[in-house]
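Residue numbers (the numbering used here), protein chains in the order written: chain A, 1327 to 1660; chain B, 12 to 441.
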């Protein structure tokens, strides 16, 4: 019968395993830990003694640590111990010097095997594809926007806009990559890149289509359109980033992702509306013009337009009354 | 544009005091040598000219200052309305004082105003110099002329120049004086070589050379001879408001004739629609831009200064006509879109309300256009509105225009009626 073996794991600050070593127990069902080659588990830790501690495995699998005369002692159960003798390790871990160790024995109870489902999200399965498509879509939009402006030097315009877009994307993705690294131990660059560029491209496309639809059906843009489409885009982006950068449940991620844009958009909308009642020079954005051949709706007659003049007058009077109601005092003189 | 002229007006003219002296002895048959003439004229008019200072609340430091001169026995002076405008519009917050050239001071009250001609009749308590003589007829182009006032608060000053007669095609009559009128001289007398009043200093261009304006003496006479019954502060304000209204009615009435138009790149657009409207057109003859633009800008320069930050009774319009032979329809219409946006140009909630707008596609003569009409109501002058209008053609992938019309301080119905005539005059003849 071969000697009994245990596995010793070195843990990082987040409790993740950094290294693993198989150790055979000696006759006393124990093994030693220290900086020396004599030790069964040799640590590269200047705060550990040559032979720092020994760990004994009882018949029932419980673990007991004994200090072999070290300067720094042991840390067990979150507390420092000096000259510990047969001190039980309640969670199978101990700290020697600055190294955290976990001991796994044959007595350890294993959880049942969890079912594994292959990732179904395209972002997880093919992040490179998604990021590539999103990057292409964004690049196409940037090129189109530059081309539409008919600048004197199209190449300079494109390079400038591309550089700006790349800088913004890099900054945003760096934040989420860092969060992923901290929370999940991996950077997930491609996923975050794909999320940012993909959602941005959809946002730009939706706005463009809304502009075009406005022209086709002759509807002037509503005042809060950009704010609210932007809020939906931001919520989608945050939800996807959170899901891929953290271990948050979907419901919690959705709550955070919706709350932040809702608060931002609500505040922006309130400030805009509030300042508009005071801004006597504000006239809303007008319909963007496309080639006249695309227009679907028949024009009004001038007669119709000017027949509505009384409504316009009433509206102007109402706007003044509202503004004055919000700012009393100036008329007091008369 | 009217704002620029009026601001210049404020900078130009503000008043100073004078001292009681025997009345001017008129009539030199020969124009004296210039320095001698100026000295004599100043000596004659000095007692009749006062500096007029406006104070905010109980402050002893002045808020603004101008000039005034005696036109009637009993301490009755003429000055510019804009010198006393804040006192008229906010009687509880401003007070007026006069200060003679010899340093005598006292309170000043407003008797009557003529907002349209920027004049006000005031009475100085305790100072009754002999009035200046008003010249009976209008001046001749080329006559020597003088202007007296208190420029920049540096003391009584006379400047010498030439009267160039009445300004042609001005909505409100003005005498063109080729001489210096600076801030603080407003309301001071413009004089001929005999020391008789030919007009009242009113405005000038800050960045031009010696182009200044006087209100013709006929309006001084009319205001002086009006029966003066003391008006309450409220009545004065109502009188000013009524004059604003009359001005705007006359302005739109003067535009009632046939709408004169011109053709630009196939579009028929309103041109110089009245003699008092100035138009300039420009374009770039040598451009590497794929879109060529012709700009036509017109303005009436008829605006009245009512009080700080508030003007009324003016109008201006501009057409931006674009053509291209190199751009496709998508890029061309995108460029045209940039000219369609609208915003107000000045004003605060103290004076006007926010804009209300109506924006639709309409069929005009031979083409469709997007038409935006916005109106905002005056806060204290309830019958007056400002209008901002944008018309954008939607008929050609290679040609188009944006027309901007702004009207300030007119009544709603006549304003809309004019806008309709303006839009109806537009036509596409390809």
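Think of the CB as a built atom: it goes at the ideal place given N, C-alpha and C, for glycine as much as any other residue.
Proximity below 7 Å, CB of residue i to CB of residue j
i: residue 340 of chain B; j: residue 1617 of chain A; result: yes
i: residue 160 of chain B; j: residue 206 of chain B; result: no
i: residue 1387 of chain A; j: residue 1374 of chain A; result: no
i: residue 1517 of chain A; j: residue 1453 of chain A; result: yes
i: residue 1351 of chain A; j: residue 1426 of chain A; result: no
i: residue 188 of chain B; j: residue 131 of chain B; result: no
i: residue 210 of chain B; j: residue 223 of chain B; result: no
i: residue 186 of chain B; j: residue 158 of chain B; result: no
i: residue 129 of chain B; j: residue 61 of chain B; result: no
i: residue 1332 of chain A; j: residue 1431 of chain A; result: yes
i: residue 1609 of chain A; j: residue 354 of chain B; result: yes
Coil, strand or helix - residue i by DSSP
i: residue 1373 of chain A; result: coil
i: residue 1548 of chain A; result: coil
i: residue 1333 of chain A; result: strand
i: residue 365 of chain B; result: coil
i: residue 65 of chain B; result: strand
i: residue 92 of chain B; result: helix
i: residue 1627 of chain A; result: coil
i: residue 43 of chain B; result: Because residue 43 of chain B sits at a pLDDT of 46, beneath the cut-off of 50, its placement in the model cannot be relied upon, and the following sentence gives the value as read from the coordinates. Correct three-state label for residue 43 of chain B: coil.
i: residue 1407 of chain A; result: strand
i: residue 108 of chain B; result: strand
i: residue 409 of chain B; result: coil
i: residue 118 of chain B; result: strand
i: residue 1506 of chain A; result: helix
i: residue 305 of chain B; result: strand
i: residue 102 of chain B; result: coil
i: residue 396 of chain B; result: strand
i: residue 429 of chain B; result: helix
i: residue 73 of chain B; result: coil
i: residue 388 of chain B; result: strand
i: residue 1646 of chain A; result: helix
i: residue 1641 of chain A; result: helix
Chain B within 7 Å of residue i, Cβ atoms only
i: residue 1546 of chain A; result: yes
i: residue 1535 of chain A; result: no
i: residue 1531 of chain A; result: no
i: residue 1615 of chain A; result: yes
i: residue 1484 of chain A; result: no
i: residue 1609 of chain A; result: yes
i: residue 1600 of chain A; result: no
i: residue 1639 of chain A; result: yes
i: residue 1632 of chain A; result: yes
i: residue 1649 of chain A; result: yes
i: residue 1636 of chain A; result: no
Residue range of the unbroken beta strand (DSSP E) whose run includes residue i
i: residue 176 of chain B; result: 168–177
i: residue 1426 of chain A; result: 1425–1430
i: residue 1359 of chain A; result: 1356–1360
i: residue 1347 of chain A; result: 1343–1350
i: residue 214 of chain B; result: 208–215
i: residue 440 of chain B; result: Element bounds for residue 440 of chain B: n/a, residue is neither H nor E.
i: residue 1419 of chain A; result: 1419–1422
Chain A contact for residue i (CB, 7 Å cutoff)
i: residue 334 of chain B; result: no
i: residue 351 of chain B; result: yes
i: residue 374 of chain B; result: yes
i: residue 126 of chain B; result: no
i: residue 301 of chain B; result: yes
i: residue 405 of chain B; result: yes
Run of the alpha helix (DSSP H) containing residue i, from where it starts to where it stops
i: residue 1582 of chain A; result: 1576–1602
i: residue 230 of chain B; result: 228–235
i: residue 1462 of chain A; result: 1453–1474
i: residue 1390 of chain A; result: Here residue 1390 of chain A belongs to no alpha helix (DSSP H); instead the beta strand (DSSP E) covers 1389–1393.
i: residue 155 of chain B; result: Premise fails: residue 155 of chain B lies in the beta strand (DSSP E), 154–160, not in any alpha helix (DSSP H).
i: residue 1537 of chain A; result: 1515–1542
i: residue 248 of chain B; result: 244–265
i: residue 313 of chain B; result: Looking at the DSSP string, residue 313 of chain B is not in any alpha helix (DSSP H), and its letter there is neither H nor E.
i: residue 347 of chain B; result: 340–348
State whether the segment 1499–1519 of chain A contacts the segment 1582–1596 of chain A, with contact taken as three or more CB pairs (one from each stretch) at a distance under 8 Å. As far as the Cβ criterion goes, the segment 1499–1519 of chain A does not touch the segment 1582–1596 of chain A, which means the pair count is below three.
The segment 81–95 of chain B in contact with the segment 134–147 of chain B per 3-pair CB rule at 8 Å: With the cut-off at 8 Å, the segment 81–95 of chain B and the segment 134–147 of chain B touch.
Three or more C-beta pairs below 8 Å linking the segment 246–258 of chain B and the segment 269–283 of chain B: At 8 Å Cβ cutoff, the stretches do not touch.
For the segment 1579–1606 of chain A, list every residue whose C-beta sits within 8 Å of some C-beta in chain E, in sequence order. No chain E is present in this structure, whose protein chains are A and B.
Take every Cβ of the segment 315–323 of chain B, pair it with every Cβ of the segment 92–107 of chain B, and state whether three or more of those distances are shorter than 8 Å. Output reads yes: the segment 92–107 of chain B touches the segment 315–323 of chain B.
Measuring CB atoms only, is the segment 331–350 of chain B touching the segment 108–116 of chain B, in the sense that at least three cross pairs come out at less than 8 Å? No: the two stretches stay apart, fewer than three of their Cβ pairs being nearer than 8 Å.
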